[in-house]
Amino acid sequence: MARRSYPLSSDEVLIPFSPHARCFFPDKTNKLSIINKQNIINATWKIARKKQNCIIKESFSPKFEKTRRNEIQRFIRNGGEIKCISQLSDKEISSSYISLFHSRFGGTLPCYEYDNLLMFISHLRELMFGHVLFWDNKPCAIDIVLKSESSCNVYYDVPNGAVLNDENCMKLSPGSVLMWLNIDKARRYCQDNNKKMIYSIGAFRPEWKYKLLWSVPCKVGKCLC
90 MARRSYPLSS DEVLIPFSPH ARCFFPDKTN KLSIINKQNI INATWKIARK
140 KQNCIIKESF SPKFEKTRRN EIQRFIRNGG EIKCISQLSD KEISSSYISL
190 FHSRFGGTLP CYEYDNLLMF ISHLRELMFG HVLFWDNKPC AIDIVLKSES
240 SCNVYYDVPN GAVLNDENCM KLSPGSVLMW LNIDKARRYC QDNNKKMIYS
290 IGAFRPEWKY KLLWSVPCKV GKCLC
C-alpha cells in the first residue's frame with residue numbers, strides 16, 4: 090500500500106554489507122540485489138529466478154556519450170533549461186511531478202496524491218538528487234531520484250519519471266536528456282568520492298526494451314530459509 094501511495098520502489102533489496110562479508114541471511118525474500126550475491130550464502134540467483142532489476146551500465150561507448158551530449162545541446166538551443174532539483178521548493182517539485190506524470194501517462198497509470206507526495210518529499214528532501222528540465226519556461230521533465238550512501242557504495246533509485254507529452258517538446262528528447270544528466274552527475278559524484286555507483290531504474294519487462302539502452306537487467310535472488 091505504501092508503495093502505491095508514495096514513490097517507493099520494491100524491485101530489489103540491497104543490504105549494505107562489507108564487500109568481504111559472508112553470512113547466512115535469517116529471513117525470507119525473493120528480491121535480493123545482485124550486489125549481495127557474494128555476501129549471502131543461503132541464496133540463489135539462478136534456480137527459478139525470472140524477475141529482473143535494471144542497473145545502469147558501468148560504462149558507455151564514446152559514440153553513445155557523444156549522442157547524449159548532442160541531445161543536451163539541442164535541447165538548450167531550442168529553449169530548454171536545466172536546473173538542479175534543489176532549486177525547486179517541495180511544493181514546486183510535487184505539483185510539477187504530478188502534472189507531468191498525468192501528461193505522460195494520462196489515465197493509464199494512477200499518480201500519487203499531492204498531499205502524500207508533498208509529505209514524502211519534505212521528509213526525504215536530503216535524499217533527493219538530480220535535475221529538472223524546463224522548456225518554454227515551464228517544467229517538462231522530472232525524475233524523483235533518491236540517493237542513499239554507505240561507506241563504499243552510493244545507491245540511486247528512480248521510480249517512474251514524469252515528462253511533458255507535447256509533440257514539439259518530445260522532439261527534443263527530454264526524457265533521454267534528463268536520464269543522461271542524472272546518470273552523469275551520479276557517476277561523477279561516485280568517481281570523486283571513490284565509491285561504487287549502483288543506479289536502479291526498476292524492473293525489466295519485455296515491453297520496456299528502452300531500458301536496455303541504459304542498463305543491464307540483473308536477476309534478483311531468493312533467500313533459502
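In this text, residue positions in the sequence shown follow the working numbering: the first is 90, and each later residue adds one.
Yeah, the Cβ is synthetic: ideal placement off N, Cα and C, and Gly gets one too.
Residues of its chain near residue i, where Cβ-Cβ distance is below 7 Å and the 5 sequence neighbours each way are ignored
i    : result
Y186 : L206, I231, I233, A251
N282 : none
K117 : C312, C314
Beta-bridge partners of residue i, as assigned by DSSP
i    : result
M268 : Paired residue(s): none; M268 is not in a bridge.
Q141 : K308
I231 : V221, A251
S289 : I144, D246
C112 : I129
Local Cβ density within 10 Å of residue i, reported as buried at 16 or more and exposed below that
i    : result
Q141 : buried
C241 : exposed
A137 : exposed
P151 : exposed
H212 : exposed
S122 : buried
E202 : exposed
Own chain, CB closer than 8 Å to residue i, minus 5 neighbours either side, in chain order
i    : result
C229 : G169, L189, L222, F223, V252, L253, D255, C258, P263
W303 : C143, I145, K146, M268, I272, I290
7 Å Cβ cutoff, residue i in contact with chain D
i    : result
R193 : Reference to chain D is not applicable here, since this structure consists of a single protein chain.
Proximity test, residue i beta-carbon vs the ligand MN heavy atom, cut-off 6 Å
i    : result
A251 : Absence of the ligand MN is noted for the structure shown, with no ligands found whatsoever.
Secondary structure of residue i, DSSP reduced to three states
i    : result
S94  : helix
I124 : helix
E278 : Note that residue 278 is Tyr in the sequence shown here, rather than Glu. Y278 falls in the helix class under three-state DSSP.
I136 : coil
C258 : helix
Sequence-distant residues of its chain with Cβ nearer than 6 Å to residue i (five each side left out)
i    : result
N119 : K311
P96  : I233, P248
(request) Please confirm if the region 265 to 277 is in contact with the region 155 to 162, defined as three or more CB-CB distances below 8 Å between the two stretches. (result) Yes, since at least three Cβ pairs between the region 265 to 277 and the region 155 to 162 fall closer than 8 Å, the two stretches touch.
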